[in-house]
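Asker:
There are 2 protein chains.
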Amino acid sequence: MKKFMNDPKNFVPEMLDGIARANPDTLKYVPDYNLIMRADAPSNDRVTILQGSGSGHEPAHVMTVGKGMLTGACPGDVFAAPPMDYVYESAKLLNSDKGVLLLVNNYTGDRMAWEMAKEALEAEDIKVDIAYVNDDVAVQDSTYTVGRRGVAGNFFVMKAAGALAEKGASLEEVKAIAEKVNSVIRTMGIALSGTTPPAKGEPIFTLADDEMEVGVGIHGEPGRRRDKMKSADEIVDELLEAVVSDLPFESGDEVALMINGLGGTPISEQYLLYGIAHRKLAEKGIKVWRSYVGEYCTSLEMAGVSLTLCRVDDELKELLVEPAEIAIRTF
Amino acid sequence: MKKFMNDPKNFVPEMLDGIARANPDTLKYVPDYNLIMRADAPSNDRVTILQGSGSGHEPAHVMTVGKGMLTGACPGDVFAAPPMDYVYESAKLLNSDKGVLLLVNNYTGDRMAWEMAKEALEAEDIKVDIAYVNDDVAVQDSTYTVGRRGVAGNFFVMKAAGALAEKGASLEEVKAIAEKVNSVIRTMGIALSGTTPPAKGEPIFTLADDEMEVGVGIHGEPGRRRDKMKSADEIVDELLEAVVSDLPFESGDEVALMINGLGGTPISEQYLLYGIAHRKLAEKGIKVWRSYVGEYCTSLEMAGVSLTLCRVDDELKELLVEPAEIAIRTF
Chain A
0 MKKFMNDPKN FVPEMLDGIA RANPDTLKYV PDYNLIMRAD APSNDRVTIL
50 QGSGSGHEPA HVMTVGKGML TGACPGDVFA APPMDYVYES AKLLNSDKGV
100 LLLVNNYTGD RMAWEMAKEA LEAEDIKVDI AYVNDDVAVQ DSTYTVGRRG
150 VAGNFFVMKA AGALAEKGAS LEEVKAIAEK VNSVIRTMGI ALSGTTPPAK
200 GEPIFTLADD EMEVGVGIHG EPGRRRDKMK SADEIVDELL EAVVSDLPFE
250 SGDEVALMIN GLGGTPISEQ YLLYGIAHRK LAEKGIKVWR SYVGEYCTSL
300 EMAGVSLTLC RVDDELKELL VEPAEIAIRT F
Chain B
0 MKKFMNDPKN FVPEMLDGIA RANPDTLKYV PDYNLIMRAD APSNDRVTIL
50 QGSGSGHEPA HVMTVGKGML TGACPGDVFA APPMDYVYES AKLLNSDKGV
100 LLLVNNYTGD RMAWEMAKEA LEAEDIKVDI AYVNDDVAVQ DSTYTVGRRG
150 VAGNFFVMKA AGALAEKGAS LEEVKAIAEK VNSVIRTMGI ALSGTTPPAK
200 GEPIFTLADD EMEVGVGIHG EPGRRRDKMK SADEIVDELL EAVVSDLPFE
250 SGDEVALMIN GLGGTPISEQ YLLYGIAHRK LAEKGIKVWR SYVGEYCTSL
300 EMAGVSLTLC RVDDELKELL VEPAEIAIRT F
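Chains as they are written, first to last, in numbering that gives the first Met the number 0: chain A, 0 to 330; chain B, 0 to 330.
#1: Where do the N-terminal and C-terminal ends of the alpha helix (DSSP H) with Tyr-87(A) fall, by residue?
#2: Going by other Cβ atoms of all chains shown within 10 Å of its Cβ, with 16 needed for buried, is Glu-220(A) buried or exposed?
#3: Which of the residues in the region 239-265 of chain A, read from start to end, lie with their CB under 8 Å from any CB of chain B?
#4: Report all residues from its chain with a CB closer than 6 Å to the CB of Ala-190(A); omit the five preceding and five following residues, and keep chain order.
#5: With DSSP as the reference, label Gln-50(A) as helix, strand or coil.
#6: Who are the neighbours of Ser-4(A) on chain B, taking C-beta pairs under 8 Å?
#7: Run through chain B and tell me which residues come within less than 9 Å of Ile-35(A), C-beta to C-beta.
#8: Output yes or no for whether 8 Å exceeds the beta carbon distance between Asp-232(A) and Ile-266(A).
#9: With a threshold of 16 other CB atoms inside 10 Å of the CB of Val-145(B), please say whether the residue is buried or exposed.
#10: Could you say if the region 47-63 of chain B and the region 283-296 of chain B meet the contact criterion of at least three C-beta pairs nearer than 8 Å?
#11: Measuring only the C-alpha atoms, how far is Asp-245(B) from Ala-137(B)?
#12: Secondary structure at Ile-125(A), three-state DSSP: helix, strand or coil?
#13: State yes or no: is the beta carbon of Lys-316(A) nearer than 8 Å to at least one beta carbon in chain B?
#14: Which partner residues does Arg-185(B) have in the DSSP bridge list?
#15: Is there contact between the region 41-51 of chain A and the region 164-175 of chain A, where contact requires at least three CB pairs shorter than 8 Å?
#16: For Val-292(B), which three-state DSSP category applies?
#17: Can you find a C-beta in chain A that's less than 8 Å from the C-beta of Arg-45(B)?
#18: Tell me, to the nearest whole angstrom, how far the beta carbon of Ile-76(B) is from that of Val-11(B); I am working on the premise that it is less than 8 Å.
#19: Using C-beta distances below 7 Å, list every residue in its chain close to Asn-259(B), excluding the 5 sequence neighbours before and after it, in chain order.
#20: Under 7 Å, CB to CB, which of the residues in the region 66-97 of chain B have a partner in chain A?
#21: Excluding five sequence neighbours on each side, which residues of the same chain lie with their C-beta closer than 8 Å to the C-beta of Glu-324(A)?
#22: For the region 12-22 of chain A against the region 30-38 of chain A, do three or more pairs of beta-carbon atoms, one drawn from each stretch, fall closer than 8 Å, so that the two count as touching?
#23: Measuring CA to CA, which of Ala-326(A), Leu-256(A), Pro-41(A), Glu-249(A) is closest to Gln-269(B)?
#24: Classify Glu-13(B) as buried or exposed, calling it buried when 16 or more other Cβ atoms lie within 10 Å of its own Cβ.
#25: Just by C-beta distance, which residues in the region 45-61 of chain B are closer than 8 Å to chain A?
#26: Excluding the five sequence neighbours on either side, which residues of its own chain have a C-beta within less than 6 Å of the C-beta of Arg-289(B), listed in chain order?
#27: Consider the Cβ of Ala-162(A): report whether some Cβ of chain D lies at a distance smaller than 8 Å.
#28: Roughly how many angstroms separate the alpha carbons of Glu-114(B) and Ala-168(B), rounded to a whole number?
#29: Among all the DSSP beta bridges, which residues are the ones paired with Leu-100(B)?
#30: Between Ile-327(B) and chain A, is there a C-beta pair that is closer than 8 Å?
#31: Does the beta carbon of Val-173(B) sit closer than 8 Å to a beta carbon anywhere in chain A?
#32: Would you grab the beta carbon distance between Val-183(A) and Arg-310(A) for me? Rounded to a whole angstrom, and I think it's under 8 Å.
#33: Residues of chain A with CB closer than 9 Å to the CB of Arg-274(B), please, in chain order.
#34: Below 9 Å on C-beta distance, what does Thr-297(A) contact in chain B?
#35: Compare the C-alpha of Met-257(A) against each of Asn-22(A), Gly-71(A), Gly-108(A), Asp-134(A) and name the closest.
#36: Output, in chain order, the set of chain B residues within a Cβ distance shorter than 8 Å of Val-304(A).
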């Protein structure tokens with residue numbers, strides 16, 4: 000294992016410290032709960048949106064905190080759900096008169112922590128609700144999940160909910176838009192390499208030089224099958240077939256098309272795949288309204304990508320193009 | 000070699016097609032010269048800025064074309080300078096009454112192609128000039144270079160020159176700001192893995208599980224030395240010592256601090272390094288004015304980072320915060 004780090008135990012806190020130092024005017028770091036929060040939060044003018052899950056998926060979620068996105072993110076250690084008290088304390092700190100929406104990617108450990116925190120918050124009469132994300136079409140149940148996994152499509156949930164919250168919508172409205180987006184996103188991923196959590200020191204799985212994992216999970220969970228390496232055209236065909244047939248997306252639909260890098264795949268390859276997918280969708284009569292190419296939800300240094308489609312209507316288009324101010328990349 | 004691609008010969012054109020499809024309103028693709036250009040170019044209201052170099056360094060330069068950045072980019076194949084006629088034809092197509100500035104990272108092959116193109120353009124009375132970038136402090140001469148190499152600091156040159164051109168400045172003024180920025184940027188990189196050009200199919204170099212290449216070039220050229228893997232603290236100390244002592248940057252200086260991912264290193268590790276570097280600069284009395292963390296100039300899937308400092312004054316600060324519209328990532 001070669002990683003840029005000091006003591007593996009401090010991998011997450013040192014990363015969070017870096018995020019805060021890089022954004023001194025807009026973000027604050029609360030070490031006790033691994034919390035990265037908007038410096039101007041809480042505000043009683045808008046619903047608070049909190050997410051977390053394990054670390055190792057950056058930019059999700061600690062680097063997507065900001066105006067028009069998350070109010071805060073309180074992740075656990077790498078690939079580990081946050082302890083319930085991180086969620087509870089973060090939600091209390093960021094509580095707003097308009098209430099708190101907890102966004103949860105569907106993994107058993109995450110559900111447990113976030114649902115227990117919700118109960119504890121309700122017991123103190125804090126207005127709180129939960130919305131779930133489960134966009135991965137690869138498998139029904141998985142190593143850490145009953146039901147479908149939440150993966151990169153979560154970006155569209157955060158973006159739409161964040162934009163609506165920024166406009167002053169109610170908790171009910173923000174939860175409704177999160178659930179609406181979740182109902183129209185579908186994702187599948189493919190890995191070309193394993194991934195190594197810092198504290199573990201060994202890869203979670205390995206692939207031979209001519210192998211790929213089709214439908215991989217973002218913690219290295221198995222997908223649909225292990226297969227021989229294929230051409231980019233064949234890979235896009237398989238990802239599109241799985242995603243398009245699931246909703247299903249149909250001729251005449253308008254979609255946002257995301258190619259998400261899983262951490263170790265360069266952006267050149269991501270754009271190559273994007274071009275192929277865009278062309279093949281046009282052949283199916285599905286119109287790409289907007290492109291999303293880059294890293295949105297990673298699995299440390301895993302080589303691979305996922306493909307997400309989000310079916311858009313006028314309401315979603317308006318929310319998705321609202322400005323967002325986040326921690327990553329300053330041009 | 001596992002890459003998302005079809006025929007390796009089409010790696011670059013398929014990537015360029017993807018960039019164009021992802022940005023139909025703002026970019027155009029001219030396949031004959033590997034040219035990605037602003038859809039609204041040329042304009043006689045502003046100096047045209049053209050860059051190129053080899054492919055494989057994305058987002059540089061084909062994904063940094065747009066308002067307030069490059070007017071166009073015409074790269075060669077992976078790690079290969081563009082043929083002289085790509086530069087010549089692209090410059091003719093994008094020619095403006097205000098003239099054309101050719102930005103060139105200092106490699107022998109690039110200089111030859113761009114300088115020959117400049118002569119051919121001048122012979123046709125086109126107003127054209129060149130500015131060079133050579134920010135890498137690692138080594139004096141290198142495999143493909145006489146003098147210092149141009150690496151990730153080039154971002155600051157593009158950004159400042161692009162912002163000034165957008166304001167309607169003259170060719171002389173835009174060239175002067177490019178040269179000014181080049182005089183205040185210093186960079187050094189470090190690799191944890193090799194990099195494999197698609198057509199070659201084999202890594203340019205390999206590193207053992209406990210090795211790193213200190214001062215690596217962005218085409219896998221050797222750096223200062225090969226060393227045993229070190230902690231993040233020790234690595235930042237070495238990069239900062241090399242960069243700070245070179246200009247030198249001094250107590251009281253204000254700087255932009257960039258941690259640039261070389262392609263295979265996740266953003267979590269990049270932010271971890273950023274935090275350490277920010278803290279250590281503060282200890283030296285050097286004030287970080289603004290953070291730049293992410294991939295700016297890569298080497299395909301190489302694991303590694305580079306650290307760049309850019310000393311800023313009021314003029315540079317104003318230019319660096321001007322809006323820029325580029326191809327990559329849509330939030």
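Cβ atoms here follow ideal geometry from the backbone N, Cα and C, with glycine treated the same way.
Answerer: Taking the structure as given:
#1: It spans 83-93 - the alpha helix (DSSP H) in which Tyr-87(A) sits, taken as one unbroken run.
#2: Burial call: buried.
#3: Result list: Gly-262, Gly-263, Thr-264, Pro-265.
#4: Hits under 6 Å: Glu-212, Val-215, Met-301, Gly-303.
#5: Gln-50(A) falls in the strand class under three-state DSSP.
#6: A quick correction: the sequence has Met, not Ser, at residue 4(A). Ser-230, Ala-231, Glu-268, Leu-271, listed in chain order.
#7: The contacting residues do not exist; Ile-35(A) stays about 11 Å from chain B at best.
#8: Taking the C-beta atoms as reference points, Ile-266(A) is found no nearer than 8 Å to Asp-232(A).
#9: Burial call: exposed.
#10: Output reads yes: the region 283-296 of chain B touches the region 47-63 of chain B.
#11: Rounded to the nearest angstrom, the two C-alpha atoms are 10 Å apart.
#12: Coil at Ile-125(A), not helix or strand.
#13: Closer than 8 Å: no.
#14: Looking at the DSSP output, Arg-185(B) sits in a beta bridge with Leu-308(B).
#15: Taking a cut-off of 8 Å for Cβ pairs, the region 41-51 of chain A and the region 164-175 of chain A touch, as three or more such pairs fall below it.
#16: In this structure, Val-292(B) counts as strand in the three-state DSSP scheme.
#17: No, Arg-45(B) does not count as interfacial toward chain A.
#18: Here residue 76(B) turns out to be Asp, not Ile, going by the sequence shown. Rounded, the Cβ-Cβ distance is 6 Å, consistent with contact.
#19: Beyond the five residues adjoining it in sequence on each side, Asn-259(B) comes within less than 7 Å, by CB distance, of Ala-151, Glu-294, Tyr-295, Cys-296, Val-304, Ser-305, Thr-307 in the same chain, given in chain order.
#20: When CB distances to chain A are screened at a threshold of 7 Å, not a single residue of the region 66-97 of chain B falls below it.
#21: Same-chain partners within the cutoff: Thr-25, Gly-65, Lys-66, Gly-67, Met-68.
#22: With the cut-off at 8 Å, the region 12-22 of chain A and the region 30-38 of chain A touch.
#23: Out of Ala-326(A), Leu-256(A), Pro-41(A), Glu-249(A), the CA that lies nearest to the CA of Gln-269(B) is found in Ala-326(A).
#24: Buried.
#25: Taking 8 Å as the Cβ-Cβ cut-off, the region 45-61 of chain B approaches chain A at Ser-54, Gly-55, Glu-57, Pro-58, given in chain order.
#26: If we look at Arg-289(B) and ignore the five residues flanking it on each side, its Cβ neighbours are Ala-255.
#27: Any reference to chain D falls outside this structure, whose protein chains are A and B.
#28: Each residue's alpha carbon lies about 23 Å from the other.
#29: Note: Leu-100(B) sits in a beta bridge opposite Ile-48(B), Asp-128(B).
#30: For Ile-327(B), a Cβ of chain A is located within less than 8 Å of the residue's own Cβ.
#31: Not an interface residue.
#32: 4 Å between Cβ atoms; contact.
#33: In the sequence on display, residue 274(B) carries Gly and not Arg. Chain A residues near Gly-274(B): Glu-13, Met-14, Leu-15, Asp-16, Gly-17, Ile-18, Ala-19, Arg-20, Ala-21.
#34: Neighbours of Thr-297(A) on chain B, chain order: Pro-265, Ile-266, Ser-267.
#35: Per the Cα distances, Asp-134(A).
#36: Near Val-304(A) (Cβ distances below 8 Å), the residues of chain B are Phe-3.
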